[in-house]
Structure formats: C-alpha cells, structure tokens
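Single-structure report; data block below.
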Amino acid sequence: MVSIRPGPVTVGGVALDNHLLLAAGILGTTGSSLNRMLSLGAGGVVTKSIGPYPKDGHAGPCLAVLDDGILNAMGLPNPSKEFVDEVAPLIKKPVMVSIFGGNPAEFARVAGWFEGKVAGFELNLSCPHAEGYGAAIGTDPGLVEACTRAVSATGVPTWVKLTPNVTDITSIGKAAERGGASAIVAINTVRAMRISTGLRRPVLGNRYGGLSGSAVFPVAVRCVYELYESCKIPIIGCGGVSSADNVIEMMMAGASAVEIGSAVLNNVKIFETIKSDLYKKDGLSPKEIIGCAHHG
Amino acid sequence: MPTMDDSLSVPVTILRVRKETSLIRTFVLDRSFPFSPGQFVMVWVPGIDEIPMALSSENTITVQKAGDATTAMFALGAGDKLGIRGPFGNGFTKGEKVLAIAGGVGAAPLLPLARADCVMTLLLGAKTESELLFVDQLDECTDVFIATDDGSLGFGGFVTALMDDLNLGVYDRIAVCGPEMMMRAVLAKVEEKGIAHKTEFSLHRYMKCGSGICGSCCIDPSGLRVCRDGPVFSGDLLLKSEFGHYMRDASGRKKNL
Ligand SMILES: Cc1cc2nc3c(=O)[nH]c(=O)nc-3n(C[C@H](O)[C@H](O)[C@H](O)COP(=O)(O)OP(=O)(O)OC[C@H]3O[C@@H](n4cnc5c(N)ncnc54)[C@H](O)[C@@H]3O)c2cc1C
Ligand SMILES: Cc1cc2nc3c(=O)[nH]c(=O)nc-3n(C[C@H](O)[C@H](O)[C@H](O)COP(=O)(O)O)c2cc1C
Ligand code: FES
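From first to last, the protein sequence lines are chains A and B.
The first sequence begins at 79 in the numbering used here and counts up one residue at a time.
The second sequence begins at -1 in the numbering used here and counts up one residue at a time.
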C-alpha cells in the first residue's frame, strides 16, 4: 500500500494537524463533541452547518443506516448565533465553521458572527434537502459566485462545498473559484430515497434524503477528478472515505486533504485508525501523490 | 472497510395496548428484540416522528404522553404499525446486589433489570399513587419501597429520602432512571457517600439519529454521545458535567433545567 510522510499540512489557507478532517454535520453540534474528535485524531473539524436562524430540523426518522452507506435528512437543525459560544473555547484549533443561508447577505451575516474566532469557513451550498436552502443555491453558478464572494470578502479562508446533484460540477467549482474561494470541498450527499416495504412509505420523515458512505465513494472520486482538471484552487475530497487506501485514491484524483463523515458510524476512532496506516516515516511526499492519476 | 449493518426500521404490529396509569401505556409488539436492560430503540410513528424509547421487555415499550409523537401513539391500538430501529446504547452494568431507583416512567428500563433477578431493592417514586408504574410487576421480583410526592402511598416526599433508611454499602451497584432533577439529587447523595463510581444513571437527551453520528445528544464537557456511549453513564463521569444543569433542544440550543 502507498503511504505518505507525516508533516505540517496547509490547505486552502488553513493549517491542519494532518490530512483528515471531520466532515460537516457529523458530531459537530457542540464544542465539546468537536473537541473530542480533535483529541481522537482529526487533523481539523468542520462544524454542523450554521444558519441565520435556529432550526429544529425535519421530523424523524432523520437517518437510515444501509448496508454500505447512510441516508439522512436532518433538515439543517442548528442553534444559529448561540453556536458562537460552542466554538469559543476552541479558538486557535483547526475548526472550520460550516455556514448556510438563503442569499449572499445571509451568508455574510452568519460569517460575521464567527470572524476572528475560527480558522475558516466552509459554505454549505449543497445540502440537498431543505426547502429554499442548499441545492437551490448550489446548482446556480451565479448564486454560488455571489455567496462565495460575500464571505471570501472577509479575508478569512473560505472553502466552498459542492453538491454532486448537478449535471456539470466543474461549472459550479469554477463559479466558487471566481467568487474567491480558497478551496473546494466535494462532495455533499447524493439525493436518494429508500422505502419501507413493511410500512409502505419512504423511510425518512422528509421522504427525500442524501446518501453518504462507501456507496458514494466512486461518485466522489469522479467529482474530485473532474474538478482537478478544471480548477486551480485546492480540492478537499469527501464522500465514502473509510480507509487509508481511500485517502490515497482521493489524493491521486486530485484531493489535497479529505473529510470523513459516515465512517465515524462504525468507528469513532477512525482518524487514529487511518492515520496509523496512512503515515510512514519513509512514505512518499504528498506532492508526488496529489493528482498523479491525471498524468500519462 | 467494515461493512455497515443494514438496519432499516423493522416494521412491527401492535398486538395490545395496556393502560398502566392515566399518562402511561405499554405497547405490546409482535416482534421481540433481544436486549440488555437500559438499551433503547428508535420508535417510528409513521407520519409523525421517530423518538427514543427504552425497552420494558423484549417486545414492549412503555410510553408516557409527553408531546406530538407520544400523543399520536396513544391514538394507536391493536393492528396498527410502528417502525423499530435498535436496540441501541449500552445498558446497565451487571451486578449481583443491585439497588434500583426509579422515578415516574423511569421504571420502564428498570423492570427488565429487576426481572433479571439481580435487583435486591427497588425504590419507586411518582407524584401520586395513581402514577406509580409497575408496582405489581416489580413486587413479584424484588423488594419495593415506595415514595409519593403527595404521600398518597408509601413515604411522603422524594424517592431520594428513602435512601437514608438503607445501608448503601450492601449493594455492589446502584441503577437510576427518572426525571433529571431526581437523578441529580441521587448523584449528590452517592457523591457524599463516596459511591458515585458504582452508581449508574440513564440519561435523556434529544436524539435524532440514535446511531452516534449526528451529535444532537452529546453531553458536556466529555462530548460523549448519550445514544451510543450511553444512555447509561457512571456517576463519577457525570459529577462535573451538564447533567442536572442543562440540556440541548432539537436545534442544539441550551435549555436550563
Ligand atoms: C434513551 C431514552 C429512553 C427513553 N425511554 C422512554 C421510555 O421508556 N418511556 C417514555 O415514556 N419516554 C422515554 N424517553 C423519553 C421520550 O423519548 C420522549 O418523551 C419523547 O421523545 C417525546 O416525544 P413527543 O413527540 O411526544 O414530545 P415533543 O412534543 O416532541 O417533546 C416533549 C419533550 O420530549 C423530549 N423529546 C422530544 N423528542 C425527542 C427525541 N427525539 N429524543 C429525545 N427526547 C425527545 C424533549 O425533551 C421535549 O421537550 C426516553 C428518552 C431517551 C433519550
Ligand atoms: C448525519 C449527517 C449530517 C450531515 N450534515 C451536514 C451538514 O450540516 N452540512 C454539510 O455541509 N454536510 C452535511 N453532511 C454531509 C457530510 O458532511 C458529507 O459531505 C457526506 O456525508 C459525504 O461524506 P461521507 O461519506 O464521509 O459521510 C451530513 C452527513 C450526514 C451523514
Ligand atoms: S442521536 Fe445522533 S449522535 Fe446521538
């Protein structure tokens, strides 16, 4: 197996402890939970997506565990501005606040609450299952560019997370780049549904949800590969990563770092597990690996 | 990667509904779920919501009317369907001489513990006599002492006062489930006696996924997940924590108790 050398990592303007970040919405609702994941080996953490107003989220069921993935429709539950107090004790740690809003002004307002208190922002333009939010913006290049610019204007590192639920993800990636994004995160969940044959209705309260976990890994690798060919800013690969070999594969597709979400379900210590396989003192330099599948 | 278990909700049919008190009913299901006492399931009330409920036996849940989903359940009867995910969580640690302390619907997860034949003594509390849960079933399997807030049966006052009449040194474990303020009072008492480490509390926090991934049930300052690392926690872990002080609502905002 290919392994890489440990060492300092900076991606999209953010200094990380290693190449592995906790993905948005996974154990990211409280400061102490994020802190626990950092102490369990995450090189950085992304918070639950925070919006302009508090939201309770969708009625349950919110989540279904499948053979090879997770189907969820949480509905962006979040405490809004009160979250500032949650992350305050984590100042100076590699914490990215995930932000969502209905328009550029809302994105800017939420970002303003956290300026100077976190390492950077990740814009959730891509949540596929909340009315008027998320995918409605993330599928429109003009809006993506405007929302990105509204936040990147703060000068704080701004990562933009993309939905795979579009015909051409590169047009959205390029829009984020024009808006001043310092990195692109790909991907959010893939729109999906399961039906309970016993109860004769969709298994989620919201009926539609987003698929994550191993099942979407090939989709995520394809998206990262396409974005690497068309964008210059760094890419953070996300979607179905659950082993060191998956991390290497994402890097070969073009990712400078990865985010891990669903794999936490089976192993809350997944970061330590992957790190011990991924890093070797005599491993290759990450530079030699990132994007290498594009050559030749 | 290690494969995830396909654990879509299992459809179950309600066989019977038993009225326990004016506010509490037991739903008997047509399927059994092997479990350890203290574990819970996520109960899907179709069209309404999905909520956590302790198993009161392999095929029953015992539900107190609280809000939307539980009220909707009270309208269900024999033949109606629910979805069940689980069991989840850790359950109570086994002991040989257990003291169990139950308040209100908190008796639900403690009944199967008492039936497992390890509970020497059980302290049962409720607001008033008619709200006492499982008096007869518990009497059959353990030594029960009763307290009611209004004194309508047993000791008049909080169930914690009954602890003063016991030699707590006799028990190797203490298992507690009930309203959080009552559990906090028990924690203060066992801390004073230096036995917080052998006392376990079953916690209630807002649960959305029940699977340990969404973060809605995490407690401060450990960041542990009530649905996965709990719901049963040792007293010494709860001493300097949010327990008894605040919890978070569905949005994640703190609410003082
Ligand atoms: C591990 C565990 C075991 C439980 N076991 C039992 C039991 O055996 N019997 C019983 O009667 N109750 C039990 N509960 C409490 C039960 O889950 C709530 O009473 C129920 O969720 C209320 O739902 P509702 O829609 O009727 O009320 P709502 O109107 O939604 O809310 C009323 C209150 O119920 C709580 N609540 C609502 N939804 C949830 C949720 N998804 N997760 C946690 N709390 C919620 C909140 O505190 C809320 O303020 C348990 C809770 C937990 C965490
Ligand atoms: C329960 C759950 C909640 C999520 N919440 C968010 C969120 O709030 N914001 C966001 O941008 N992505 C959210 N996601 C998507 C993940 O961050 C990630 O993009 C996706 O799950 C794919 O990665 P994975 O396969 O490693 O989980 C959530 C995913 C899950 C499973
Ligand atoms: S309810 Fe989702 S982590 Fe516990």
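Beta carbons are placed, not taken as given, at the ideal position from N, Cα and C, and that holds for glycine.
Quick one: is M79(A) buried, meaning 16 or more other Cβ sit within 10 Å of its Cβ, or exposed? exposed
Interface residues of chain B facing M152(A) [CB-CB closer than 7 Å]: K206, C212
State yes or no: is the C-beta of S128(B) nearer than 6 Å to some heavy atom of ligand 2? no
Between the Cα of K171(A) and the Cα atoms of S354(A), G109(A), G190(A), K239(A), which residue gives the shortest distance? G109(A)
Among V168(B), D170(B), F143(B), Y169(B), whose alpha-carbon lies nearest the alpha-carbon of T158(B)? F143(B)
Check whether the Cβ of T24(B) lies closer than 6 Å to any heavy atom of ligand 1, and answer yes or no. no
Counting Cβ pairs, one atom from each stretch, are 3 or more of them under 8 Å apart for the stretch 96 to 104 of chain B and the stretch 24 to 31 of chain B? no
Please return the same chain residues whose Cβ sits closer than 8 Å to the Cβ of Y303(A), not counting the five positions on each side in sequence. A331, G332, A371, H372
If we count Cβ pairs, one from each stretch, closer than 8 Å, do we get three or more for the stretch 279 to 298 of chain A versus the stretch 160 to 176 of chain A? no
For A248(B), decide whether its Cβ has a neighbour in chain A, counting only Cβ atoms nearer than 7 Å. yes
For K79(B), return the contacting residues in chain A, with the cut-off set at a CB-CB distance below 8 Å. G276, L277
Against chain A: residues of the stretch 13 to 34 of chain B by CB proximity under 9 Å: none
Please tell me whether S110(A) has its Cβ less than 7 Å away from any Cβ of chain B. yes
Over the uninterrupted beta strand (DSSP E) stretch that includes D145(A), give me the two end residues. Note, D145(A): premise wrong, no beta strand (DSSP E); not H, not E.
Report yes if the C-beta distance between I307(B) and L97(B) is below 7 Å; otherwise report no. In the structure as shown, chain B begins at -1 and stops at 255. Residue 307(B) is therefore absent and cannot be evaluated.
Going by alpha carbons, who is nearest to T241(A) out of A224(A), A214(A), N344(A)? A214(A)
Below 8 Å on the Cβ atoms is my guess for V224(B) versus R203(B); work out the distance and round it to an integer in Å. 4 Å
Does the beta carbon of S200(B) come closer than 7 Å to any beta carbon on chain A? no
Under the three-state DSSP convention, the category Y169(B) falls into: coil
Looking at the C-beta of P50(B), does it have a partner C-beta in chain A at a distance below 7 Å? no
The stretch 315 to 328 of chain A / the stretch 261 to 270 of chain A touching (three or more Cβ pairs under 8 Å): yes
Count the other CB atoms, across all protein chains shown, that sit within 10 Å of the CB of G168(B); report buried if there are 16 or more and exposed otherwise. In the sequence as displayed, the identity of residue 168(B) is Val instead of Gly. V168(B) is exposed by the Cβ-count criterion.
Could you tell me whether the stretch 111 to 118 of chain B touches the stretch 132 to 141 of chain B, where touching means 3 or more Cβ pairs closer than 8 Å? yes
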